[in-house]
């Protein structure tokens, strides 16, 4: 049957409407899936259904910010699989079941907005950003052409220009794109660097090109290697530069020469502005000098640290970024824009287009009636591209640059507070000396039973197990979440990061108390 | 200042609340940005603000389905830039302005839910899908680990298994991932095929590998070439197979041998299930035989046509897909799942992990307390990955497979109706003979002034300009939108596609009337 109601036995009802929704819209009870739009006269029933979902979401939002609720109601995968019927079947469920599924999904979700959620570089939930993302979903379009996304294409243009201004490129000129995450942004940069040096690679592939070498710090993000593997460059061509005790890479020049001697052609240096674990900033001015001298593309991976450009107090850490050829900057991290929102900014205009365009005639018609420079889709590796711009743009309007600045400065102040609190505290040991450059505070907590062990090997062996156990207990209690990892020869340590605008000094105090409470018996 | 209110002169007010929102929540008037959560006691004011945004969205949704409204209120880029102040500045705007910005953004947006919007392969707006996307935004998390996305990771697992069942792989086994669009899904497939044949490419790059050759029909999607360029294979290594008059590729075997003779190693065949312009299905069984004989990876790009697997009436067009090594299938196209939702399905278990993993210790800790096989992030090229699964899963629950089937069958019925209506109609000429295989109906409309021209060259020259002018007029009137393009030696023709569940027979009639109304003077 091709009738509006595809299922003839359709008896789907909404019986769990909240009072407010039921009051607001009359025909609230008894609506079926096939009564919703595009059904004729589906307006009221659609609004009732969507309003009921919104009520569930609003309740979840309010709960998420409430410190007395759990960050997570943790269940092991097998338990979670059995907690509900999650399977898909031939027959439809009722709209009631759909609402129940929404509730169940949120029940077991991580409350990423919770003031004590510190687990990732992306935390928190901004209310204007969320509103913008709801609008984006409702507009449900694609970034490939001005024709289908006129406003969003313009807002991307406006926002990229503003971001280039903050980087400090002359006259805000250059190019850029919002991509699905920092790893892809970094891959774009590597792709552009290779194309810039060897444009024939686009048609002829790597067989037309000498063996290439890329350089990055040993503490850089794994996406640099992932990108090299994907682009056919190979992970062995990524030279990891040893970094000094503050995790800054200084030996690029030496390595560049050494690798050139064995026949590799250096083409790409990725400096990191804010490493993932330590939050360290590579010395961009020194790296820019080296790149200039050797004619190598300078990329700055500022996925994590790029947002410090918004802060008059902290932007000096990125001094030299204006000399980069490309910059990755993820507003979904330190600026708390909803996921995903990652930008690649490129200094040279037109290069992305030349590198990636394939001129598909069915999408980028050349005889349309408007200015085709706004059809930016052919710059991308993607064909369809999700609208990631509106949430950033709307938040920027709501806060202004000074609002982002205050939010970022506050997170850095909280991390300094944490650092000062634990650096000399009994039972704590910092992973690196000195004040953190970003909000990353890396430390070991040594429970009393380990603290005084004299056998160093035994001590390290036992210390290695402390963070995983405390973390597992945090998740089981649901009180807070923070990340841990080993690094090189260092056993498991906590990496605290603060990007959550909801966090306060009291939440930092709570974290420390909680680590001690959960770890003291270990 | 690090107080909750980052802007000391904060005088942001909500004065434009609708009556219903104002009634529902008391303190509706006079709230400021800094009163919203995470502010203390920010609950009510946050709900008021979000409710006001929802009211704007609900009104837009209802309007979108109303045939008496415009599909688009078209403005040229420069007009649109000047229609509003879209710039970003240091100072915040008021919450009032934020609501105005939401309204302005929607005013100039394309109504992709409009029953007469046929412009792209992705059209329509599903109410359950939309609700699911709002929930996804609210949950605001990342797909990299079970730790931060327990439910979504499980639902991806459940859904990929179901999709593999529909493909017909034994015991629903295999692998897969949701990626940011079909182009990236196709790129993944090519990456896997290369790694499968030459695993050393991951470390050593293309210098360790002979020159490769990929094969696809001349009507395949441009992402195959884009992928080859990015992966360092080169566009010249993509051999475009001539297709017969129904646009099916039949000469692969001959080309495979020819290219092997000149030293290229065939590694990848991308068969298309539903080409972008013609909607043609490559003969998958014949291609599977060739791939098997030559030991070449068989990929099926079913971004557009894959959804026909949901239809008992039409799935025969994909017979042989069960022999593929990988399949791209975009539920955001023919199944009307909100953008983006694209899956790559892979027959071999574990291959994606081996190909892409970098084992970053700060994300994929090996000593966590749960089953780590659910930490699927290292399979991906992305690090952070947007949650694209929930909207598909929730829609599948609401409709059941039979609901998707009915929706898809209806679109194909509408396209057959269009084909029958115009194939012998005065002034129309079909671009290819016979009933369309998918919903693509490709045709020229010849206005009376061109219809009887005897000079063929002059006729083609003028006909080439007809579709762009009619399209431009459609957009200026805002009545409907349909795509056009030239192809090979064929001048501009209309490509009608139907994926919009809101479309009816009357909308098809309207489209034809509108083309004639707007084009008769040309």
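Protein chains in written order, with the UniProt record's numbering: chain A, 1 to 522; chain B, 1 to 522. Positions of the beta carbon are idealized from the N, C-alpha and C atoms, including for glycine. Source: prediction; values computed, not measured.
Mapping DSSP to helix, strand and coil, what is residue i?
i	result
residue 320 of chain A	coil
residue 29 of chain B	Legend: pLDDT at residue 29 of chain B = 35, less than 50; position of this residue unreliable, value from coordinates given subsequently. Residue 29 of chain B: coil per DSSP, three-state reduction.
residue 560 of chain B	Because chain B spans 1 through 522 in this model, residue 560 of chain B falls outside it and cannot be assessed.
residue 185 of chain B	helix
residue 72 of chain A	coil
residue 406 of chain B	helix
residue 24 of chain B	Any reading at residue 24 of chain B needs caution, since the residue's pLDDT is 39, under 50, leaving its predicted position unreliable; the model's value is listed next. Helix, per DSSP.
residue 441 of chain A	strand
residue 18 of chain B	Below a pLDDT of 50, predicted positions are generally treated as unreliable, and residue 18 of chain B, at 40, falls in that range; the measurement from the model is reported next regardless. Of the three classes helix, strand and coil, the one that applies to residue 18 of chain B here is coil, per DSSP.
residue 417 of chain B	helix
residue 152 of chain B	helix
residue 505 of chain A	helix
residue 48 of chain B	helix
residue 83 of chain A	helix
residue 118 of chain B	strand
residue 499 of chain B	coil
residue 398 of chain B	helix
residue 535 of chain B	The question about residue 535 of chain B has no answer, for chain B in this structure spans 1 to 522.
residue 281 of chain A	strand
residue 260 of chain B	helix
Classify residue i as buried or exposed, calling it buried when 16 or more other Cβ atoms lie within 10 Å of its own Cβ.
i	result
residue 364 of chain A	buried
residue 559 of chain A	No statement about residue 559 of chain A is possible, as the shown extent of chain A runs from 1 to 522 and does not include it.
residue 68 of chain B	exposed
residue 520 of chain B	exposed
residue 195 of chain A	buried
residue 476 of chain A	exposed
residue 347 of chain B	buried
residue 189 of chain A	buried
residue 258 of chain B	exposed
residue 52 of chain A	buried
Going straight from the alpha carbon of residue i to that of residue j, what length do you get?
i	j	result
residue 225 of chain B	residue 435 of chain B	29 Å
residue 461 of chain B	residue 360 of chain A	21 Å
residue 207 of chain A	residue 229 of chain A	15 Å
residue 523 of chain A	residue 308 of chain A	Lying outside 1 to 522, the shown extent of chain A, residue 523 of chain A is not represented and no answer is given.
residue 29 of chain B	residue 97 of chain B	Residue confidence for residue 29 of chain B is low, a pLDDT of 35 falling below 50, so the modelled location carries little weight; the figure read from the coordinates is stated next. About 14 Å.
residue 418 of chain A	residue 95 of chain B	34 Å
residue 318 of chain B	residue 202 of chain A	32 Å
residue 55 of chain A	residue 54 of chain B	11 Å
residue 222 of chain A	residue 358 of chain B	7 Å
residue 112 of chain B	residue 83 of chain B	22 Å
residue 437 of chain B	residue 275 of chain B	10 Å
residue 421 of chain B	residue 501 of chain B	20 Å
residue 243 of chain B	residue 219 of chain B	8 Å
residue 445 of chain B	residue 452 of chain B	13 Å
residue 507 of chain B	residue 116 of chain B	6 Å
residue 505 of chain A	residue 415 of chain A	9 Å
residue 354 of chain B	residue 205 of chain B	15 Å
residue 405 of chain B	residue 431 of chain B	28 Å
What residues match up with residue i in a beta bridge as DSSP calls it?
i	result
residue 212 of chain A	A:265
residue 484 of chain B	B:494
residue 240 of chain B	B:216
residue 328 of chain A	A:301, A:344
residue 272 of chain B	B:301
Tell me which residue opens and which closes the beta strand (DSSP E) that residue i is part of.
i	result
residue 140 of chain A	It is not in any beta strand (DSSP E) - residue 140 of chain A carries neither H nor E in the DSSP assignment.
residue 343 of chain A	342-346
residue 429 of chain B	428-430
residue 177 of chain B	175-179
What residue range is occupied by the uninterrupted alpha helix (DSSP H) comprising residue i?
i	result
residue 233 of chain B	Premise fails: residue 233 of chain B is in no alpha helix (DSSP H) and is neither H nor E.
residue 126 of chain A	Segment: none, residue 126 of chain A is in no alpha helix (DSSP H) and carries neither H nor E.
residue 40 of chain A	Premise fails: residue 40 of chain A is in no alpha helix (DSSP H) and is neither H nor E.
residue 105 of chain A	95-107
Under 7 Å Cβ-Cβ, which residues of chain C neighbour residue i?
i	result
residue 277 of chain B	Looking at the structure shown, chain C is missing, and the protein chains on hand are A and B.
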